[in-house]
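Asker: Structure in structure tokens, see below.
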Amino acid sequence: MKKDILILGIESSCDETSVAVVKNGREVLSNVISTQIDIHKLYGGVVPEIASRNHVMNIDGVYKQALNEANVTIDDIDAIAVTYGAGLLGALIVGVNFAKALAYSTKKPLIAVNHIEGHIAANYIEHKQLEPPFACLIVSGGHTALVKMESYTERKLIGTTTDDAIGEAFDKVARECGLSYPGGPNVQKQAMLGEPCIKFTGMNFEKADNFNFSYSGLKTATINYIHNARQRGEEPNVQNICASFQAEAVSQVVKKSVSAIEKFNYKKLVLAGGVSANLHLREQMKAEAEKVGAEVFYPNLTLCTDNAAMIASAGYFNFIAGKSIVDPKTLVPTGNIAL
Ligand code: KG4
Ligand code: ZN
């Protein structure tokens with residue numbers, strides 16, 4: 003019988019300190035997430051220095067809890083997978099150094115995982131039968147991109163944002179509306195109470211004959227709308243603004259994704275990254291992709307945002323393919339890495 007493979011995953015790229023144990027890439031034995039949201043809320047966004055310090059304070063306890071909850075010891079673990087980028091450098095350093103020390107002292111293989119590959123792999127945990135090839139839309143705080151997933155470890159970029167990421171636009175609009183960090187879920191809540199009745203100008207993505215995205219025009223148009231209303235002494239209607247912004251933001255990724263799956267003849271479209279938690283995006287994408295005969299997949303809400311189980315899953319698929327296994331003495335975290 004094939005031996006089970008247990009991967010310990012470590013994630014610290016932003017404001018979540020997380021350690022997980024995952025069996026055979028798809029079965030979560032533990033996924034401990036210590037979030038710093040309440041701390042960063044006070045500042046309206048993530049403060050990198052504070053994030054790093056909290057990772058340092060939390061990581062050892064989170065690691066021990068992850069082993070306990072999985073009911074295993076470090077001796078049972080086959081390999082250690084860690085996010086080495088992209089993300090906040092000071093935050094990444096904490097997880098990477100912890101993983102390096104652990105791998106070195108236990109003589110276990112160390113796998114360097116691209117954070118975005120982790121977001122994609124969250125879908126393998128959620129959908130046990132899901133296998134590449136498929137088209138994947140990555141929508142997070144730092145990325146908006148369409149990729150062709152050709153195998154578990156090989157992908158080709160089809161399109162990316164030419165300016166801001168969709169999550170960043172959600173967060174900036176939220177802040178301007180006086181909504182707290184993280185902005186995306188709060189914009190969604192307000193949007194549910196409003197009507198998408200405002201037409202923002204300044205977007206030109208639809209004219210482009212490619213699969214690239216643009217969010218700075220929509221973000222600026224929305225923020226200008228709020229400023230102009232305030233200058234006239236009016237209190238802007240936050241619910242309608244959020245509903246209108248969200249409708250435009252979602253419509254862009256839906257249109258581009260559907261044209262891509264049609265052009266490249268995919269039957270499966272996978273959503274990955276924090277913004278894939280957005281309910282309007284999920285509904286719209288399902289409805290539109292269905293019209294061209296494609297099925298849409300996304301992870302559950304916990305697996306959408308940053309967590310170490312997705313890193314362990316991506317680590318597993320690299321490990322069994324003999325890829326991304328690195329020397330614990332030399333791995334360096336990287337703030338920006340290509341998809
Ligand atoms: O993937 P993620 O957790 O971190 C990065 O790797 O960037 O994504 C965080 C982003 C933030 O911009 C957050 O506002 C957004 O995901 N987000 C949402 C929702 N939940 C999280 N945006 C829209 N609607 C949501 N429900
Ligand atoms: Zn993320």
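Counting along the sequence shown from 1, when you hit position 165 you're at 167 in the working numbering, and nothing is skipped either side. Cβ atoms here follow ideal geometry from the backbone N, Cα and C, with glycine treated the same way.
For the candidate residues Val277, Gly11 and Phe319, whose alpha-carbon lies nearest to that of Pro184?
Answerer: For the purposes of this step, residue 184 is taken as residue 182 along the sequence shown, with counting starting at 1. That would be Val277, whose Cα lies nearest to the Cα of Pro184.
Asker: CB-CB under 7 angstroms to Ile339, same chain, minus the five flanking residues each way: which ones, in chain order?
Answerer: Residue 339 sits at position 337 when you count from the first residue of the sequence shown. Gly87, Ala88 and Asn116, listed in sequence order.
Asker: Tell me where the beta strand (DSSP E) around Gly47 begins and ends.
Answerer: Position 45 of the sequence shown, counting from 1, holds the residue named residue 47. Run containing Gly47: none; DSSP gives neither H nor E here.
Asker: Are there three or more Cβ pairs, one per stretch, closer than 8 angstroms when the stretch 29-37 is compared with the stretch 62-72?
Answerer: In short, these stretches touch, since the Cβ pair count reaches three.
Asker: Quick one: what does DSSP say Val138 is sitting in, helix, strand or coil?
Answerer: The residue given as residue 138 occupies position 136 in the sequence shown. Looking at the sequence shown, residue 138 is not Val but Cys. Of the three classes helix, strand and coil, the one that applies to Cys138 here is strand, per DSSP.
Asker: If you follow the beta strand (DSSP E) that Arg157 is in, where does it begin and where does it stop?
Answerer: Residue 157 sits at position 155 when you count from the first residue of the sequence shown. Unbroken beta strand (DSSP E) run through Arg157: Arg157 to Thr162.
Asker: Quick check: the Cα distance between Ser142 and Phe266, rounded to an integer number of angstroms?
Answerer: In the sequence shown, the residue the question calls residue 142 occupies position 140. In the sequence shown, the residue the question calls residue 266 occupies position 264. Between Ser142 and Phe266, the C-alpha separation is close to 23 angstroms.
Asker: I'd like to know whether the C-beta atoms of Ile313 and Glu13 end up nearer to each other than 8 angstroms.
Answerer: Position 311 of the sequence shown holds residue 313. Position 11 of the sequence shown holds residue 13. In contact: Ile313 and Glu13 (Cβ atoms closer than 8 angstroms).
Asker: Could you tell me whether any non-hydrogen atom of the ligand ZN is closer than 7 angstroms to the CB of Ser259?
Answerer: Counted from its first residue, the sequence shown places residue 259 at position 257. No.
Asker: Give the residues whose C-beta lies closer than 7 angstroms to at least one heavy atom of the ligand ZN, in chain order.
Answerer: Here the residues come out as Ser15, Cys16, His117, His121, Ser142, Gly143, Gly275, Gly276, Thr307 and Asp308.
Asker: For the 8 angstroms Cβ check, are there 3 or more pairs between the stretch 274-290 and the stretch 90-98?
Answerer: Touching, no.
Asker: Using C-beta distances below 8 angstroms, list every residue in its chain close to Val240, excluding the 5 sequence neighbours before and after it, in chain order.
Answerer: Taking the first residue of the sequence shown as position 1, residue 240 is located at position 238. Cβ neighbours of Val240 beyond the five flanking positions: Cys179, Gly180, Leu181, Gln192 and Gly196.
Asker: Should Lys189 be listed as close to the ligand KG4, given that the test is whether its C-beta is under 7 angstroms from any heavy atom?
Answerer: Locating residue 189 in the sequence shown gives position 187, where the first residue counts as 1. According to the sequence displayed, residue 189 carries Val and not Lys. Yes; taking the cut-off as 7 angstroms, the Cβ of Val189 has a heavy atom of the ligand KG4 nearer than that.
Asker: Among Glu156, Val189 and Val255, whose alpha-carbon lies nearest the alpha-carbon of Asn214?
Answerer: Working through the sequence shown from its first residue, we reach residue 214 at position 212. With distances taken between Cα atoms, Asn214 lies closest to Val255.
Asker: How far does the beta strand (DSSP E) with Gly11 in it extend, from its first residue to its last?
Answerer: The sequence position of residue 11 within the sequence shown is 9, counting from 1. Start and end: Leu8 to Glu13.
Asker: Counting Cβ pairs closer than 8 angstroms, one from the stretch 95-114 and one from the stretch 233-252, do we hit at least three?
Answerer: With a cut-off of 8 angstroms, the stretch 233-252 and the stretch 95-114 do not count as touching, because too few Cβ pairs lie within range.
Asker: Can you determine whether any heavy atom of the ligand KG4 sits closer than 7 angstroms to the C-beta of Gly92, and answer yes or no?
Answerer: Within the sequence shown, residue 92 is the residue found at index 90, counting from 1. Answer for Gly92: no, Cβ out of range of the ligand KG4.
Asker: Alpha carbons only, please: which of Ile225, Pro134, Ala167 and Tyr217 is nearest the one belonging to Ile200?
Answerer: Along the sequence shown, read from residue 1 onward, the residue named residue 200 stands at position 198. For the residues Ile225, Pro134, Ala167 and Tyr217, the minimum Cα distance to Ile200 belongs to Ile225.
Asker: According to DSSP, what are the bridge partners of Phe215?
Answerer: To locate residue 215, count along the sequence shown from 1; it is residue 213. In DSSP, Phe215 forms a bridge with Thr163.
Asker: Just the C-alpha distance for Ala167 and Ser216, rounded to the nearest angstrom, thanks.
Answerer: Your numbering for residue 167 matches position 165 in the sequence shown. Your numbering for residue 216 matches position 214 in the sequence shown. Roughly 8 angstroms separates the two Cα atoms.
Asker: Could you tell me which residues DSSP pairs with Val298 in its beta bridges?
Answerer: The count along the sequence shown starts at 1 and reaches residue 298 at position 296. In the DSSP output, where bridge partners are listed per residue, Val298 has Leu271.
Asker: Please classify Met151: is it buried, with 16 or more other beta-carbons within 10 angstroms of its beta-carbon, or exposed?
Answerer: On the sequence shown, position 149 is the one that residue 151 refers to. Buried, because 16 or more other Cβ atoms sit within 10 Å of the Cβ of Met151.
Asker: I'd like to check one pair, Asp78 with Leu8: are the Cβ atoms closer than 8 angstroms?
Answerer: Indexing the sequence shown from 1 puts residue 8 at position 6. Indexing the sequence shown from 1 puts residue 78 at position 76. Yes, the Cβ-Cβ distance between Leu8 and Asp78 is below 8 angstroms.
Asker: Using a Cβ-Cβ cut-off of 6 angstroms (strictly less than) and excluding sequence neighbours within five positions of Ala176, which residues of its own chain qualify?
Answerer: Stepping through the sequence shown from its first residue, residue 176 is reached at position 174. Closer than 6 angstroms at Cβ, skipping near neighbours: Gly185, Asn188 and Val189.
Asker: In this structure, what does DSSP give as the bridge partners for Gly87?
Answerer: Position 85 of the sequence shown, counted from the start, is the residue given in the question as residue 87. In the DSSP output, where bridge partners are listed per residue, Gly87 has Asn116.
Asker: CB-CB under 7 angstroms to Lys325, same chain, minus the five flanking residues each way: which ones, in chain order?
Answerer: Numbered from its first residue, the sequence shown carries residue 325 at position 323. Correct list, in chain order: Thr155.
Asker: Can you grab the Cα-Cα spacing for the pair Thr304 / Lys66, in whole Å?
Answerer: Here the question's residue 304 lines up with position 302 in the sequence shown. Here the question's residue 66 lines up with position 64 in the sequence shown. C-alpha separation (whole angstroms): 20 angstroms.
Asker: Please report the residue range of the alpha helix (DSSP H) in which Glu292 lies.
Answerer: Sequence index remark: in the sequence shown, residue 292 carries index 290 (1-based). Element bounds for Glu292: Leu281 to Lys293.
Asker: DSSP state of Thr304, grouped into three classes?
Answerer: Within the sequence shown, the letter at position 302 stands for residue 304. Helix, per DSSP.
Asker: Is DSSP giving Ile200 helix, strand or coil here?
Answerer: Numbered from its first residue, the sequence shown carries residue 200 at position 198. Ile200: coil per DSSP, three-state reduction.
Asker: Using only the heavy atoms of the ligand KG4, determine whether one of them is closer than 7 angstroms to the beta carbon of Ala279.
Answerer: By one-based count along the sequence shown, residue 279 stands at place 277. Flag set: Cβ of Ala279 near the ligand KG4.
Asker: For Gly186, is the beta carbon positioned less than 7 angstroms from some heavy atom of the ligand KG4?
Answerer: In the sequence shown, the residue the question calls residue 186 occupies position 184. Result yes, Cβ under 7 angstroms from the ligand KG4.
Asker: Please list, in chain order, all residues of the same chain as Leu90 whose beta carbon is under 8 angstroms from its beta carbon, the five residues on each side excluded.
Answerer: Residue numbering aside, residue 90 sits at position 88 when the sequence shown is read from its first letter. Here the set comprises Ser15, Cys16, Val48, Pro50, Ala53, Ser54 and Gly337.
Asker: Identify the continuous alpha helix (DSSP H) that holds Asn242 and give its terminal residues.
Answerer: Here residue 242 corresponds to residue number 240 of the sequence shown, with the count starting at 1. Counting along the chain, the alpha helix (DSSP H) containing Asn242 begins and ends at Val240 to Phe266.
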